[in-house]
Structure formats: structure tokens, C-alpha cells
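Okay, so here's the structure we're looking at.
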Amino acid sequence: MPKWLVMEETVIAEGAAPHQRVLRSLSGNKSRDQALEELRKVAKRHRPDCLKKTQCIVGQDSDGSFWILPKNGKGHARCNLRLIEQTHP
């Protein structure tokens, strides 16, 4: 079974280049469905630094990724959490 990474992509301002980083790797051999369940748990409690002091909403996209957005559209910052399959150690 593959190893999965939780990737965070944040955009601070409209038109700015996204910043990407690996939040964590998921331990153990997990199927994609199990990894998506872990991602859901991470998304519910994670807040990127740019949204720490802002009320946020979390939504799930059709590909299984999660969006963290400022509530009521305040500000331009946004964050996307997704699974990446690690192919090489």
C-alpha cells in the first residue's frame, strides 16, 4: 500500500503565488479511503498561520481535498489540504 502525505497549499493575497508544504505523513499502510478519512480529521482542526485569528469554514471538494476559507468572505487568504501519494522515500 502507498504512503500518503498531507499537503497544505495557502494563498495569502489575490494573485499571489501559492505556498506549499507537507504538513505530515500518514503512518502505516493505508488505503486511499483510510487516508481520506485521516485528511478529514486533519482538516477539521487545522488552521494555517494566515487564518489563525479568523473565523473559518471548511468544505470538501469532489476530489477529496478540503478548502479552509475565511467565514463571510473576509480577506483573500485561503488554504487547500490534499493527499499526495509518496512514490519514493
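Quick note: the sequence shown uses our numbering, first residue 1, plus one each step. Backbone N, C-alpha and C define an ideal beta-carbon position, used for all residues, glycine too. Note that this is a predicted model, so its numbers are computed, not measured.
**Report entry** N- and C-terminal bounds of the alpha helix (DSSP H) containing R40
**Finding:** Looking at the DSSP string, the run of the alpha helix (DSSP H) that includes R40 is R32 to R45.
Query raised in the report: Using the beta-carbon count (16 or more within 10 Å), is A77 buried or exposed?
Result: Around the C-beta of A77, 16 or more other C-beta atoms lie within 10 Å, and the residue is accordingly described as buried.
**Report entry** Beta-carbon contacts of E9 that lie in its chain and below 6 Å, excluding the five residues immediately before and after
**Finding:** Here E9 has P18, Q20 and N80 as same chain residues with Cβ atoms under 6 Å from its own Cβ, once five neighbours each way along the sequence are excluded.
Query raised in the report: If we count the other Cβ atoms within 10 Å of its Cβ and call it buried at 16 or more, is R32 buried or exposed?
Result: Result: exposed.
Query - Bridge-paired residues (DSSP) for P101 - result: Because residue 101 is not part of the residues shown, which for the chain are 1 to 89, the question remains open.
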